[in-house]
Structures are given as structure tokens and as C-alpha cells.
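Below is one structure, written out as C-alpha cells; comments come after it.
Number of protein chains: 2
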Amino acid sequence: MSELKPGRSFVSAQQVAELAGVSRSAVSRTFTDGASVSETTRKKVLEAAETLGYHVNHLARSLIHEDSGIVCLIGADINTPYHSRLLDAITRRLQAINRVAMVINTSGDSDSVDAALRQTLNYRANATVVLSGTPPASLINTCINSGQHVILINRDDHLDGPENITVDNAAAAREAFHMLHRAGCRRIAVVSSQAGTPSLVARERAFEAAAGEAGLSVTITRAGPTGYGAGFEAGRLLLSGSDRPDAAFCVTDLLACGFMDAARVEFGMNVPAELCVVGFDDIEQAGWASYQLTTFRQPIAQVADHITKLLDSDDPEPAQGGRACFHADPVWRRTVRPR
Amino acid sequence: MSELKPGRSFVSAQQVAELAGVSRSAVSRTFTDGASVSETTRKKVLEAAETLGYHVNHLARSLIHEDSGIVCLIGADINTPYHSRLLDAITRRLQAINRVAMVINTSGDSDSVDAALRQTLNYRANATVVLSGTPPASLINTCINSGQHVILINRDDHLDGPENITVDNAAAAREAFHMLHRAGCRRIAVVSSQAGTPSLVARERAFEAAAGEAGLSVTITRAGPTGYGAGFEAGRLLLSGSDRPDAAFCVTDLLACGFMDAARVEFGMNVPAELCVVGFDDIEQAGWASYQLTTFRQPIAQVADHITKLLDSDDPEPAQGGRACFHADPVWRRTVRPR
DNA sequence: TGAGCCTTTGCACAAATGTGCAACGGCAGC
DNA sequence: GCTGCCGTTGCACATTTGTGCAAAGGCTCA
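Just so you know, the sequences run in chain order D and Y. Following the UniProt record's numbering, the numbering of the first sequence begins with 1 at its first residue and continues without gaps. Following the UniProt record's numbering, the numbering of the second sequence begins with 1 at its first residue and continues without gaps.
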């Protein structure tokens, strides 16, 4: 009889077996799908497990299976509206296919990030999803070299190994330009940040190119880290000059909110009469009555679904590797004049 | 010689040992703090580990130690500004003390939540932190019964077993009342939600009590789930009546933003001239120029630090059990008239 | 040079689980 | 009643790691 420390520690299958009067194998089989157990012993085992509060130890189980069931999510700025929504969507989907999410926050000092990443590899994560453009490429390489299944969201590193899920930033940015151009705007500013994230750069570039094709040149302002503050600051800089722009493409909704607030509060401008604004992401605040921001919706649900398909071993036809690209559809609200 | 599947699967300590020409014990000791290994073999081992891409398997390690290093965070609405900031703060702190966070999202259908919680118990999490008031009490009981170390944030269930970290909602709500009362407001509304979360209820009750002591009665409106939409709806309901309130205490900043937008956009009211508003949480949007909301700051950093202290085994004087309560300090902005 | 001590190393066992294989028991069919 | 088959069960071994214990080796001191 193994020692019973009541309340202390966790219960093992051995203890359940003893209480139920069966072998440990029977306990194991009871909790293994598709294993052969008679109905009577299964019942005895479940009853004993219930009274002892037994839960299968996944750590030990994962030693044998390849599948640990853990999916690691690496990202920075998870307190941001867009990222937190992405995190929300992915964790929910993962739970639905019996995976569990481990979150590595790369916002802190890089030392602890490195340690945390090693943690992840140590836990034999089933896959690693890189949520944002910020985590350093070296981290990602470490994952790949260790045989990790890596999924990149909105990155453009041309690494071969990871699967890429991207949003068609270029198409959306071109469409953004045409929205503003058709609204009659000719002095258009691009508001971006110093982050230099691949997707932000892609938006800047495509917008600039589309403007060039229409014979316009644009000025790009990068006033700080991506966020409300940088947008506000950009607004102060751009609108205090003599030739104010008549429109702005903000590569992020947060930037757009800051920019709009600067325009209205600091300069008393009217949006969209004097100034049209287009954002990107469609965060919740874009729909608030104070902003009613015209923007592009991140296909968060589609991205999360795709990740699920890549990871769900039960899926009849698992999505296969390489690249997946989703569209960001425009959301018309009130910050761009109708034609 | 053990089989070498190049690229496939993970590397084990056995393979490293063979490449380095030492015993597996030497490999194990190399990666164990305080174990006795000579400098020369340590170097050989580290070199071999580097070329093979070896990482210690924490799952196996956790079989032996009590300490799995995993901390489970259970919460709903993690896409909300307050919760995502809390999540951000906690995950960072956990990484700093060499723990890693597993996130269980209780927003989805309860089936998958239940499954995910079982997952957590299965992974022998070091502790379980309940982030919000929403996850059902039965989940928490399951954790406690299974011998889990449970930490509750802002809950008031009087369960004995878990440690409680709370914010002094009552004191803040009383202070909120006095702020509005001193500003001359007499017809004060309380805007809440149908969530019925312990902390929200505590704020409602304390505010009502403080008003009662001052000889005022307040009306409480609960227009839906906690969020911007419910605040907006509450604004529409309250302000369309004949005797409009001259102030509102919104138990959440999101409610406050919605309420303010309804007041300004739908009714053209001026805040704070005609209507004073006080919120709670001090989310980022409260500081945006469009709102400049006077509110109470959630002591997120203190809460996260306290969790760290509870969990850090290396801490010289670990914080001990029972209850911890932090203050929510007022943040004066522009939605309450100065006296 | 020998004795003693300390460091280092390897063996073997422990942790909790899944599973192949053989044995066992019951049931049906002849 | 016997034979054959099928479902069930237990044993033993596998997964990967940490660690106590004993042995070995090297170094120092007499």
C-alpha cells in the first residue's frame, strides 16, 4: 500500500488502482481513448478517481506521446487592443481542440524573454505561434533549430521552415489610398511608428506606391512607439505647420485615435470635413461614438481558425504549410467623406 | 548508439552524452544548478548540447520535482483593457522568476472551459490564479479539491484555502461619491452591468451606502454585459428621461466611456459642466484626450508583485497567505468639476 | 611512497504514465 | 462438453530526467 498523504501532493494512478482493486494498467486504460476496458472496471476506476480527486498527469503522458498538447504563444504588447483580441481568439480556439496555451511575453527585458523561451522549448511545446512582429528573429531561429513547429503571424522574414500567416497589407493600403483619393484628398500624410514591424512597413510602402502611381507624394511621420501617444504627437507635428494635410492614413487604429484627438482637441479641426482619417486593425475603440473611424478589419477569426487547422491532428484535411494570406476588408464609418 | 533521427523529434540527454563521450548523469548534472561537475566535462557537454540543439525536458524534470514551473491563469474577457493589462503584468513578472504562464480563457462555451481546466490540473500547475470574477465557483472548487494552490483576484467568495488579493472597492466607491458630492452633484446615477461580479457589486453597494449617509438616493442601471455598449445604452436610457442625473458613477471605465459618448453625441451634453462622470480602473482610454476621465487606478503592479511574492520560492520572505488588500487611488482628470 | 581526503563519475533507482504481449476467462457453436 | 475466439487484464518495459551511493581517481601531506 503506497503512502497516503491526505490532501498533500497529487494523486497517482497507483493509488486509484489500489482503491479500485484493479491494476494500474486498468486505470491508465480507463483514461485513454480507444483502450479496451470493461464497463464494470471502468466504473470502479472512475468512482475511485472521483473520491481521490485524481487527474491524469499530462507531464508523464507527454513523455511517451510526441504530443504535449501545449502551444506556445510568443508576443509583445499583449495589453494592446489588437493583440489582446488575437490572444483571446487563439486561446479559445486552442481550448476547443484540446490544446492549452503557454504565453511568452516579449515586452520585458530581453533576458527574461530568453529565459522564458528556453522554458518553452523545455516544455516540448507542440508548436510556437509568433503573434507580433516585435520578438527578435534570433528567438525564432532558436525555435526552428530546435525542431519546433513555428507559425508566424504577419511577419515577412523569408525563413523556410515556419509557416506564415499574413494579412494582405499591401492591398488594404492601396485601397486606403483610393478611398482618400476618391474623397478628394490630395495632401495626404502617413502616420506610422518607429517600431519598424514588417506589416507596418508593408502598409507604408504600398500606400506610398499607390500615391506615386496617382502622381502624389506623401510624407511619412514616425513619432514613437506604436500607440495612441505617438499618433497624438504626430498630429501635433503635422497639423501645426503651414500646409496642413487634408487626410491621414494611420497604419494602426491606435495611431489614428491619437491623431484624431490631436486634430480635434489641439486644433479644433472637424473630421471628416477638414481632415479625413483612415486607420487599420478595427479595434473596438474604432467603433466608439467619439471616433467612428473608417478602417480595415484584421481577419482575426480567420487567422485563429487557420492556426487551429494547422494544429488539430483530428482535422480531416489539415491545412498544409507554406503561406496563407487573408484579406483585411474595409469598414466604412465616418472619418472619410463620402464621394 | 541510440537512433539518430536527424531533425525529427527532440534531442535527449542520452544523445548528448554519447556525443560528448560522457555518461548521461554528467549531462544531467551540467544542467542542474549546484551539482558537481568538472569544468572540462561541463564544457564538453555544453558543446555537444549546442551542436545537437538540446534543451532539458521540463516535463520529465517535473516528474521528480514538486515544482512544474507552470502557473495557470484563469480569466474571462481577456481582450478587455483592464484584463489584458493585468495579464501583461503578471506574465512578465512570472517570467522574471522563472515561471511560465498557462492561460485558460473562460469566455468560450463552458464545455471547453471545463476541459481546459482539467488540462491545467493535468499539467500539475504550480498555482492557479483566477483573474476575474466571472469564472464559475465550481471551477475554483475543483482546483482547491485537487490540492491546487489557488490565488483569487478581486473575488469575495469566502472560501478557505485560496489566498485572496483584493482592491478596496468600498473605500474607492465612497471616495467617488464624495468627489461628486463636493462638486455639487445631487442627482447621481450609478451605471453598472448585469455581470454581477463581486467587485462591481461591492462598488455599487458602497456608493449607495455613502449616498444614503449623505441623505441622497441613487438609481442603479444595469444595461448589459460590462463594456462600452452597456454604458452607451445606460446613457441613452438615463438621459432621455425628464429629470436627467447631473452625475454618474460608472463602476468601470468602459462603461464610463460609453456613457460619456451617449451624453455628448446623442444629447449634446457638456462634460463636466452639465454632467460629472467618475469611472473605475484607469484603463488607457481614460487618459485619452477625448475622455480625460476622472477615475480610480487599479493597483495592477502591486497585485502582480504580490502574486510574484506568493510564488517565488527564492524570495527571502515570501508573502504569506490569507488576504491582501490594495488601495485604488483616485486619478483626477477633467470629468468632475473642481469644487 | 603511502595514506587520506575531496572531487568527480557512473550505476541504478525513482518519478507517472502508455502499451505490446501473453495469459486468462467467458461465451458461442458444434 | 469441448474447442475456438474474443474481450479483458496484468506484467513488464518504454519514455526522460534527477539523485543517492559507492567507486575511482587525483592531489596533498607526512
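Quick reminder that beta carbons are idealized off the backbone N, C-alpha and C, glycines included.
Unbroken alpha helix (DSSP H) run spanning residue i, endpoints
{"i": "C257/Y", "result": "253-261"}
{"i": "V303/Y", "result": "300-311"}
{"i": "R264/Y", "result": "Looking at the DSSP string, R264/Y is not in any alpha helix (DSSP H), and its letter there is neither H nor E."}
{"i": "G229/Y", "result": "228-239"}
{"i": "R42/D", "result": "39-52"}
{"i": "R155/D", "result": "Counting along the chain, R155/D falls outside any alpha helix (DSSP H), and DSSP gives it neither H nor E."}
{"i": "R29/Y", "result": "24-30"}
{"i": "N169/Y", "result": "169-182"}
{"i": "N57/D", "result": "Neither: N57/D is in no alpha helix (DSSP H) and is coded neither H nor E."}
{"i": "V16/Y", "result": "13-20"}
{"i": "I104/D", "result": "Segment 100-105 is the beta strand (DSSP E) holding I104/D; no alpha helix (DSSP H) there."}
{"i": "T142/Y", "result": "137-145"}
{"i": "V201/Y", "result": "198-213"}
Residue i classed as buried or exposed, judged by whether at least 16 other C-beta atoms fall within 10 angstroms
{"i": "A206/Y", "result": "buried"}
{"i": "C325/D", "result": "exposed"}
{"i": "R339/Y", "result": "exposed"}
{"i": "G322/D", "result": "exposed"}
{"i": "A328/D", "result": "buried"}
{"i": "P6/Y", "result": "Because P6/Y carries a pLDDT of 38, less than 50, the predicted location of this residue cannot be relied on, and the following value inherits that uncertainty. Its Cβ having fewer than 16 others within 10 Å, P6/Y is exposed."}
{"i": "Q194/D", "result": "exposed"}
{"i": "L4/Y", "result": "Low confidence applies to L4/Y: its pLDDT is 34, below 50, so where it sits in the model is not reliable, and the reading given next is rough at best. Exposed."}
{"i": "A13/D", "result": "buried"}
{"i": "A214/D", "result": "exposed"}
{"i": "K44/Y", "result": "buried"}
{"i": "M1/D", "result": "Model confidence at M1/D stands at a pLDDT of 36, short of 50, so the residue's coordinates are unreliable and nothing is read from them."}
{"i": "S132/Y", "result": "buried"}
{"i": "R8/Y", "result": "Its pLDDT being 46, under 50, R8/Y is placed unreliably by the model, and nothing is read from it."}
{"i": "P245/Y", "result": "buried"}
{"i": "E208/Y", "result": "buried"}
{"i": "E204/Y", "result": "buried"}
{"i": "I90/D", "result": "buried"}
Neighbouring residues, chain D, relative to residue i (Cβ below 8 Å)
{"i": "L46/Y", "result": "Per Cβ cutoff of 8 Å: no residues; L46/Y is ~14 Å from chain D at best."}
{"i": "F10/Y", "result": "R124, S146, G147"}
Per-residue contacts from residue i into chain Y (C-beta, under 7 Å)
{"i": "F259/D", "result": "Those within 7 Å of F259/D in chain Y number zero; the least Cβ separation is about 11 Å."}
{"i": "Q302/D", "result": "Simply none; closest approach about 17 Å."}
{"i": "V56/D", "result": "N122"}
{"i": "V265/D", "result": "A289"}
{"i": "S193/D", "result": "Correct list: empty, because the minimum Cβ distance to chain Y is about 16 Å."}
Nearest-angstrom Cβ-Cβ length linking residue i and residue j, presumed shorter than 8 Å
{"i": "V251/D", "j": "F280/D", "result": "6 Å"}
{"i": "V150/Y", "j": "P162/Y", "result": "4 Å"}
{"i": "A202/D", "j": "A247/D", "result": "In fact, because the Cβ distance is near 20 Å, the residues do not count as touching under 8 Å."}
{"i": "I140/D", "j": "V130/D", "result": "6 Å"}
{"i": "Q285/Y", "j": "D253/Y", "result": "7 Å"}
{"i": "S36/D", "j": "R29/D", "result": "7 Å"}
{"i": "V71/D", "j": "R93/D", "result": "Contact flag wrong, Cβ pair sits at about 10 Å."}
{"i": "S199/Y", "j": "N154/Y", "result": "4 Å"}
{"i": "A263/Y", "j": "G241/Y", "result": "So it is not a contact: roughly 13 Å between Cβ atoms."}
{"i": "R85/Y", "j": "I300/Y", "result": "6 Å"}
Amino acids of chain D, ordered along the chain, whose beta-carbon sits closer than 9 Å to that of residue i
{"i": "A214/Y", "result": "Within chain D, no residue comes near A214/Y; the closest Cβ sits about 32 Å away, beyond 9 Å."}
{"i": "L63/Y", "result": "N57, L59, A60, L63"}
Endpoints, the beta strand (DSSP E) within which residue i is located
{"i": "P330/D", "result": "329-331"}
{"i": "S192/D", "result": "188-192"}
{"i": "G75/D", "result": "70-75"}
{"i": "R297/Y", "result": "295-297"}
{"i": "A96/D", "result": "Where A96/D is concerned, there is no enclosing beta strand (DSSP E), although the alpha helix (DSSP H) it sits in stretches over 81-96."}
{"i": "R323/Y", "result": "323-326"}
Proximal chain D residues relative to residue i, where beta-carbon distance stays under 7 Å
{"i": "S68/Y", "result": "L59"}
{"i": "N98/Y", "result": "A115"}
Within chain Y, the residues that residue i reaches when beta carbons sit closer than 9 Å
{"i": "W288/D", "result": "Y228, F232, C257, G258, D261, Q285, S290"}
Contact set between residue i and chain Y, taken where Cβ atoms lie within less than 8 Å
{"i": "G53/D", "result": "N145, S146, G147"}
### Task
Quick one: which residues of the stretch 228-249 of chain Y get their C-beta closer than 9 Å to a C-beta of chain D? List them in chain order.
Y228, F232
### Proximal residues, the stretch 129-154 of chain Y versus chain D, C-beta separation under 8 Å
N145, S146, G147
#### Entry: Contact list for the stretch 100-124 of chain D against chain Y, Cβ threshold 8 Å
V100, A101, M102, V103, I104, N105, S107, G108, S112, V113, A115, A116, R118, Q119, T120, L121, N122, Y123, R124
#### Entry: Contacting positions in the stretch 75-97 of chain Y - beta carbon closer than 7 Å to chain D
I78, N79, S84, R85, L87, D88, T91, R92, Q95, A96
### Task
With 9 Å as the limit, tell me which residues of the stretch 13-41 of chain D have their beta carbon closer than that to any beta carbon of chain Y; keep them in chain order.
none
### Members of the stretch 271-282 of chain Y near chain D, C-beta cut-off 9 Å
none
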